[in-house]
Amino acid sequence: LMERGLVKIGGRAEVPGRPLLYETTQFFLDHFALRNLDELPNADELRRRYLPTAPVPAVQAPVAADSGELDLNVLDLAEAMPAGEEPPPASSP
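Quick note on this note's numbering: the sequence shown kicks off at 1 and runs consecutively.
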């Protein structure tokens with residue numbers, strides 16, 4: 001973002017470690033056709049409108065291949081849970 005001129009260093013925070021603080025530039029506002037930062041959506045609105053929700057992929061248990069090696073790329077979460085417990089439900093939007 002700095003290389004493209006969209007943000008610049010605006011100072012340092014008065015907290016341990018004194019991390020850098022960044023601020024948007026006039027070019028940022030011009031590039032995104034904004035009059036001011038108040039026109040940007042807040043974080044809740046972004047999550048609600050624009051972030052896709054993907055289903056949690058099912059993972060299968062490791063299986064021994066013909067070579068005798070285990071395929072560690074798959075695991076069934078239901079089989080991995082202790083007896084009597086269920087995996088957490090997939091989150092909904």
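Beta carbons are placed, not taken as given, at the ideal position from N, Cα and C, and that holds for glycine. These figures come from a predicted structure and were not determined experimentally.
Under 8 Å, Cβ to Cβ, is there at least one residue of chain B near residue i?
{"i": "aspartate 38", "result": "Structure shown: chain B not included; a single protein chain is present."}
Hey, residue i and residue j: beta-carbon distance below 8 Å or not?
{"i": "arginine 12", "j": "leucine 21", "result": "yes"}
DSSP puts residue i in a beta bridge; with which residues?
{"i": "arginine 12", "result": "Leu20"}
Going by C-alpha to C-alpha distance, which of the options sits closest to residue i?
{"i": "threonine 24", "options": "Asn42, Leu34, Gly17 and Pro57", "result": "Leu34"}
Discussion item. Counting beta carbon pairs with one atom in the segment 2 to 9 and one in the segment 19 to 36, are three or more of them shorter than 8 Å?
Written reply: yes
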